[in-house]
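Note sheet for the following structure.
Right, dumping it as structure tokens:
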């Protein structure tokens, strides 16, 4: 398997070095590079230039998930880890992303490589029609009279600990973006409420959870409407967000919210750097222009988590 991983490593490191480090252009698109991958690389390069940021070094790691030999071809599903050491003015930070990809090898040569799963693929069937019902009286809600403070440091510590791993105390979902963010916010001290009604509040208990805990669309609408328990206010600019705050994404701009991230740092321009699951990411620039799910119609919601009481 080391030969396979070496092929992948050389392929991606070569293209990243040429486009992002040397700041040159590919003379022509590699024959088997998918258009979406090429567009992602171009958008990432343009984003870095716009931010006056530069990749100093990139490191590629690969981990084989499955292997199948088909006649003269080898089909390899693998986890690609991309590390970018970025400098922007006086700030230097390490951005990391992971992608589930498939490589096709023939005669010892890489002839195809493509993304298996990316952002925006979260299953929204459950919770798509979620209407926030938590505004009604919930007299039996045992969390409803608690005061709480949102500990941003604890939320960030959790986000950093589990950005590339899965806490065994919670179910691991294939589309894990909002489940991960909910865990981070809970680690910051935000109180749960609504159990056992999946349509009410925001909660996780044993083998049950609310739609708002795991579904990006539901979580976005919960944050917009909640006036007790976990609460947030929507702000107009990402610069207004603090560490531990949340960004929601509608990649297609059609009203379906598909992704959620948590702010873990700011860049030199005070813009958010975020962590996320599904495509596991750490210290990623908040706009997600380097995502295959990004479209020019993308919409964002910026939520500032607030301290307070559940009453």
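Numbering (this note's numbering), first residue to last: 8 to 318.
Glycine is no exception: its CB is placed at the ideal position from the N, C-alpha and C atoms.
is_contact[residue i, chain B] using C-beta, thresh 8 Å
i: residue 60; result: Note that chain B does not occur in the displayed structure, where there is just one protein chain.
Exposure of residue i, with buried meaning 16 or more beta-carbon neighbours within 10 Å
i: residue 70; result: exposed
i: residue 118; result: exposed
i: residue 74; result: exposed
i: residue 57; result: exposed
i: residue 271; result: buried
i: residue 147; result: With a pLDDT of only 47 at residue 147, under 50, the local geometry of the prediction cannot be trusted, and no value is derived from it.
i: residue 102; result: buried
i: residue 123; result: exposed
i: residue 139; result: For residue 139, the predicted model reports a pLDDT of 46, less than 50, meaning its position is unreliable and no value from the coordinates is stated.
i: residue 189; result: buried
i: residue 239; result: buried
i: residue 154; result: exposed
i: residue 168; result: exposed
i: residue 106; result: buried
i: residue 340; result: Missing from the structure shown is residue 340; the chain here goes from 8 to 318 and no further.
i: residue 312; result: buried
i: residue 166; result: buried
i: residue 298; result: buried
i: residue 283; result: buried
i: residue 176; result: exposed
i: residue 254; result: buried
i: residue 76; result: exposed
i: residue 72; result: exposed
Whole-Å CB distance - residue i paired with residue j, under 8 Å assumed
i: residue 126; j: residue 295; result: 7 Å
i: residue 158; j: residue 195; result: 5 Å
i: residue 310; j: residue 241; result: 6 Å
i: residue 3; j: residue 93; result: Given a span of 8 to 318 for the chain in the structure shown, any question on residue 3 remains unanswerable.
i: residue 52; j: residue 26; result: 5 Å
i: residue 104; j: residue 291; result: 6 Å
i: residue 67; j: residue 19; result: 5 Å
i: residue 319; j: residue 182; result: Nothing can be reported for residue 319, as the shown portion of the chain is limited to 8 through 318.
i: residue 233; j: residue 95; result: With a Cβ gap of about 35 Å, residue 233 and residue 95 do not count as contacting.
i: residue 121; j: residue 41; result: 5 Å
i: residue 2; j: residue 237; result: A question about residue 2 goes unanswered here, because the residues of the chain that appear run from 8 up to 318.
i: residue 185; j: residue 222; result: 6 Å
Start-to-end residues for the alpha helix (DSSP H) that takes in residue i
i: residue 226; result: 223-232
i: residue 188; result: 184-194
i: residue 121; result: Element bounds for residue 121: not the alpha helix (DSSP H) but the beta strand (DSSP E), 116-124.
i: residue 292; result: Counting along the chain, residue 292 falls outside any alpha helix (DSSP H), though it belongs to the beta strand (DSSP E) covering 288-292.
i: residue 197; result: Note, residue 197: premise wrong, no alpha helix (DSSP H); not H, not E.
i: residue 46; result: 42-57
Beta strand (DSSP E) segment containing residue i, residue limits
i: residue 399; result: The requested residue 399 does not occur in the structure, where the chain is confined to residues 8 to 318.
i: residue 280; result: 279-283
i: residue 269; result: 266-273
Residues that residue i bridges to, as DSSP identifies them
i: residue 98; result: 95
i: residue 242; result: 309
i: residue 175; result: BP columns for residue 175 are empty, so no partner.
i: residue 257; result: 306
i: residue 80; result: 77, 113
i: residue 263; result: Answer is none; residue 263 lacks a bridge partner.
i: residue 216; result: 211
i: residue 157; result: Answer is none; residue 157 lacks a bridge partner.
i: residue 86; result: 70, 107
**Asked** Three or more C-beta pairs closer than 8 Å, one from the stretch 103-114 and one from the stretch 75-94: is that the case here?
**Response** yes
**Message:** Three or more C-beta pairs under 8 Å: does that hold for the stretch 224-242 against the stretch 257-267?
**Reply:** yes
**Asked** With contact counted as at least three CB pairs below 8 Å, one residue from each stretch, are the stretch 296-310 and the stretch 189-207 in contact?
**Response** no
**Segment contact flag, the stretch 229-249 with the stretch 203-217, C-beta cutoff 8 Å, min 3 pairs** = yes
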